[in-house]
Amino acid sequence: MNVLGLHFGHDASVAVLCDGHIRSYVLRERLRRIKHAIGLDIGTIEAALTAAGITAAQVDHVAISSTQRMELIIDDPARFSISMTAHPGSVGRAPLAEQLAAQGVDARSILNHSVLPILYEPRFRHTYQYACYRHYFPEHEKLSRHQITAFGWTDIHVSPASWRGTTLLDVGGFDPTPTLNSDTLRLGFHLPVSVMLEGRSVPGYFINHHAAHAASCFFASGFDRAAILTHDGFSTGSATLTGLYFLGEGNRILPLAPHFLEIGALYDLVSVHLRLGDVGPAGKLMGLAAWGKPRFFDRSFVGNFYDWQRAGIFADRWISHCMDQARATGYDLSPLAQRDQMTAPINVDLAASTQLLFEEIMLAAVKSLSQIVGRSGRPTNNLCLTGGTALNCPANARIWREGQFPNVYVEPGCDDSGIAGGAAKFLYHNVFDQPLPPRDGAVHASPFVGVEISSSQIEAALKEAGDSIKIERVEDAAARAAADLADDKIIAWFEGSSEIGPRALGHRSILADPRKAENWQRVNQLKKREAWRPLAPAVLESHAAEWFSGTPLPSPYMLFTGKAIREGIPAVTHIDGSARLQTVGPDCGEFFRVLTHFHKLTGIPVLLNTSFNGPGEPIVESPGDAVRFLRTTGLDALYMGGCRLTR
Numbered sequence: 025m026n027v028l029g030l031h032f033g034h035d036a037s038v039a040v041l042c043d044g045h046i047r048s049y050v051l052r053e054r055l056r057r058i059k060h061a062i063g064l065d066i067g068t069i070e071a072a073l074t075a076a077g078i079t080a081a082q083v084d085h086v087a088i089s090s091t092q093r094m095e096l097i098i099d100d101p102a103r104f105s106i107s108m109t110a111h112p113g114s115v116g117r118a119p120l121a122e123q124l125a126a127q128g129v130d131a132r133s134i135l136n137h138s139v140l141p142i143l144y145e146p147r148f149r150h151t152y153q154y155a156c157y158r159h160y161f162p163e164h165e166k167l168s169r170h171q172i173t174a175f176g177w178t179d180i181h182v183s184p185a186s187w188r189g190t191t192l193l194d195v196g197g198f199d200p201t202p203t204l205n206s207d208t209l210r211l212g213f214h215l216p217v218s219v220m221l222e223g224r225s226v227p228g229y230f231i232n233h234h235a236a237h238a239a240s241c242f243f244a245s246g247f248d249r250a251a252i253l254t255h256d257g258f259s260t261g262s263a264t265l266t267g268l269y270f271l272g273e274g275n276r277i278l279p280l281a282p283h284f285l286e287i288g289a290l291y292d293l294v295s296v297h298l299r300l301g302d303v304g305p306a307g308k309l310m311g312l313a314a315w316g317k318p319r320f321f322d323r324s325f326v327g328n329f330y331d332w333q334r335a336g337i338f339a340d341r342w343i344s345h346c347m348d349q350a351r352a353t354g355y356d357l358s359p360l361a362q363r364d365q366m367t368a369p370i371n372v373d374l375a376a377s378t379q380l381l382f383e384e385i386m387l388a389a390v391k392s393l394s395q396i397v398g399r400s401g402r403p404t405n406n407l408c409l410t411g412g413t414a415l416n417c418p419a420n421a422r423i424w425r426e427g428q429f430p431n432v433y434v435e436p437g438c439d440d441s442g443i444a445g446g447a448a449k450f451l452y453h454n455v456f457d458q459p460l461p462p463r464d465g466a467v468h469a470s471p472f473v474g475v476e477i478s479s480s481q482i483e484a485a486l487k488e489a490g491d492s493i494k495i496e497r498v499e500d501a502a503a504r505a506a507a508d509l510a511d512d513k514i515i516a517w518f519e520g521s522s523e524i525g526p527r528a529l530g531h532r533s534i535l536a537d538p539r540k541a542e543n544w545q546r547v548n549q550l551k552k553r554e555a556w557r558p559l560a561p562a563v564l565e566s567h568a569a570e571w572f573s574g575t576p577l578p579s580p581y582m583l584f585t586g587k588a589i590r591e592g593i594p595a596v597t598h599i600d601g602s603a604r605l606q607t608v609g610p611d612c613g614e615f616f617r618v619l620t621h622f623h624k625l626t627g628i629p630v631l632l633n634t635s636f637n638g639p640g641e642p643i644v645e646s647p648g649d650a651v652r653f654l655r656t657t658g659l660d661a662l663y664m665g666g667c668r669l670t671r
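Just so we're aligned, residue 25 is where the sequence shown starts under my numbering, counting upward by one.
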């Protein structure tokens with residue numbers, strides 16, 4: 025069975041699932057060269073189908089999802105369109121459709137549109153959403169609104185009466201047993217529709233955003249059973265728009281309860297207040313926090329939307345509280361949100377206080393989840409964290425160290441880039457009740473699911489570059505790259521299929537020697553990043569425990585923060601001694617050999633590893649992208665296709 029997974033929101037993507045296996049995964053931002061790109065085009069869908077070795081005519085079902093409230097924007101409605109009428113070939117029971125019919129609700133009446141109104145209505149011009157969307161969907165600048173085809177989106181679901189708004193402490197007292205074995209609830213997170221794909225009508229299914237997150241994480245974890253926490257977005261008290269507690273069991277995703285968290289939105293709000301940028305500001309806030317002290321932290325803010333409401337607190341009240349505390353204790357507020365003074369005390373202490381609040385709220389949420397799971401009668405030591413907030417590495421590490429679950433898994437595509445694959449897996453396993461495929465000896469799923477780059481594509485890119493680059497074919501690229509690194513050169517490593525998610529894991533990476541502190545600034549300057557932002561270590565899995573502590577090992581996706589416990593790697597050790605490490609084993613391909621050779625040459629099993637991209641750009645995808653980066657930056661060498669390339 026071939027399932028086409030489509031995600032239309034920011035970080036739009038296409039996945040092809042064949043008999044339970046991801047055969048291809050294409051992030052539109054990598055092709056469009058627009059970070060966090062919104063909407064899909066037929067070219068991206070075609071690229072994923074071609075990479076999977078199938079045609080549109082071989083697609084059996086289409087799983088569709090989006091970011092909360094974001095409509096489905098497509099470039100060619102003649103080749104792809106949607107009807108809210110269920111396809112005759114739809115498989116399985118759909119309680120949500122039954123509920124809407126019983127209530128006399130036309131599904132078309134509940135569809136949302138948020139992107140195009142914000143882009144085209146003048147009243148939104150000065151909002152943060154407008155600043156984001158105009159970057160994520162620049163096509164709007166050349167098109168009038170009526171020239172853009174968009175289909176509405178909805179994240180509704182079957183919702184038990186017991187899922188009423190309540191505080192985080194009361195959420196922990198929720199009893200899931202009355203609905204835990206209910207197929208009405210388990211199957212209530214999708215809605216059958218019809219899809220017209222390349223002139224052929226295909227069964228389609230809207231898949232709830234957070235159900236897709238849950239499936240993406242749990243089905244990649246290798247766990248037989250796990251508690252699941254999903255969180256991102258902003259909802260002002262909605263039961264599921266910011267996330268849910270689930271229980272993953274075998275091939276099923278069982279909804280437990282909503283948690284009503286809003287800390288993800290608050291974290292974004294602070295990053296915007298500090299003017300850290302329109303693209304990826306939350307990640308910058310995480311890095312800035314290590315420079316400060318959480319002097320403004322107040323435990324009364326620990327809770328969910330209903331805790332805040334009961335206390336008369338809303339997200340913007342947190343910033344007011346921090347500013348009041350700063351004034352009362354004599355802070356100089358003039359550097360606030362000034363980019364050239366970002367490490368001033370007011371900025372870093374606001375960041376550190378927000379980071380601690382984030383961590384404490386997530387720890388409280390995990391505790392509530394463990395209490396619910398305890399009442400379920402289905403105990404587990406395993407936890408899956410997903411949604412955009414799961415990119416917060418210090419919080420993930422504290423949850424592992426201090427939480428109630430000994431085993432914590434975070435998927436590499438926990439942001440919305442993982443939604444396309446998650447929607448396809450949710451449909452195939454949870455809705456269609458198909459078994460999980462054999463694991464083939466791997467504990468967790470590989471992150472390297474992008475399109476495989478052929479030697480002919482590399483040769484074409486080299487030919488197009490002409491005399492602007494020098495091409496040296498080397499017998500052992502990994503050994504030569506390690507020698508360059510030991511000689512203090514900054515190199516780019518381009519290998520095979522790209523990694524999913526926002527973290528480079530060795531197939532699209534910029535690498536440097538971690539032994540020299542100045543390489544921290546050299547690489548930041550090369551990438552035109554802020555000087556205070558940290559860079560991460562990649563460490564041989566077999567040596568990780570000798571160099572880092574306080575983090576689960578192995579840690580293959582750069583999603584947990586540990587402490588460096590040995591001297592000698594200052595370029596990858598943050599100001600507070602922390603490091604967002606990636607452990608590297610043989611399954612990382614030739615990148616493993618680069619690190620192994622560097623270890624032999626230097627005695628250090630660690631490399632500085634950062635994403636292969638320029639400022640505000642997505643990670644490079646194609647050989648042409650890689651060559652252009654080499655030609656336009658101070659990179660010393662690029663390794664690709666068995667060649668060493670220099671200007």
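For every residue, glycine included, the Cβ atom is placed at its ideal position computed from N, Cα and C.
Collapsed DSSP secondary structure at residue i in the structure displayed
i, result
"Tyr581", "coil"
"Arg57", "coil"
"Ile482", "helix"
"Glu496", "strand"
"Gly307", "helix"
"Ile97", "strand"
"Trp544", "helix"
"Leu187", "It is Trp, not Leu, that sits at residue 187 in the sequence shown. DSSP places Trp187 in coil when its eight states are reduced to three."
"Leu268", "strand"
"Gly586", "strand"
"Ile396", "helix"
"His31", "strand"
"Tyr49", "strand"
"Ala361", "coil"
"Gln549", "helix"
Other residues of its chain near residue i: CB distance less than 6 angstroms, five sequence neighbours each side excluded
i, result
"Pro594", "Ala541"
"Glu383", "Ala419, Arg422"
"Val630", "Pro538, Pro561, Val563, Ile593"
"Phe616", "Val608, Pro610"
"Ser138", "Arg93, Met94"
"Val498", "Arg504, Arg668"
"Val434", "Leu409, Ala414, Asn420, Leu583"
Per DSSP, cross-strand counterpart(s) of residue i
i, result
"Trp177", "Asn136"
"Glu273", "Arg249, Arg276"
"Met25", "None, per the DSSP bridge assignment."
"Ala104", "Residue identity check: residue 104 is Phe in the sequence provided, not Ala. Leu221, per the DSSP bridge assignment."
"Ile231", "His214"
"Ile534", "Ala516, Thr634"
"Asn406", "Asn431"
"Arg668", "Glu496, Tyr663"
"Val195", "BP columns for Val195 are empty, so no partner."
Beta-carbon spacing of residue i, residue j below 7 angstroms
i, j, result
"Leu451", "Ala87", "yes"
"Ile482", "Pro647", "yes"
"Gly733", "Ala489", "Residue numbering for the chain in the displayed model covers 25 to 671; residue 733 lies beyond these limits and cannot be assessed."
"Tyr152", "Arg169", "no"
"Ala469", "Ala235", "no"
"Ala484", "His621", "no"
"Ala376", "Ala448", "no"
"Gln545", "Met582", "no"
"Glu519", "Pro471", "no"
"Phe32", "Leu96", "yes"
"Ala361", "Leu298", "yes"
"Pro578", "Phe584", "no"
Contacts around residue i, its chain only, beta-carbon distance under 7 angstroms, and the 5 residues preceding and following it disregarded
i, result
"Arg425", "Gly574"
"Val182", "Pro119, Leu120, Gln123, Thr208, Leu209, Gly212"
Selection from the options that minimises the alpha carbon distance to residue i
i, options, result
"Val644", "Leu41, Ala352, Arg54", "Arg54"
"Gly272", "Ala239, Leu285, Pro282, Gly288", "Ala239"
"Ala444", "Gly525, Val139, Ala102, Gln395", "Gly525"
"Leu381", "Gln362, Tyr291, His214, Cys438", "Tyr291"
"Pro580", "His531, Ile628, Ala536, Arg546", "His531"
"Leu265", "Thr626, Gly288, Ala250", "Gly288"
"Ala414", "Asp439, Val390, Gly44", "Asp439"
"Asp179", "Arg655, Gly196, Asn136, His159", "Asn136"
Same chain, Cβ closer than 8 angstroms to residue i, neighbours up to 5 away in sequence not counted
i, result
"Glu554", "Lys308, Arg363, Met366, Asn548"
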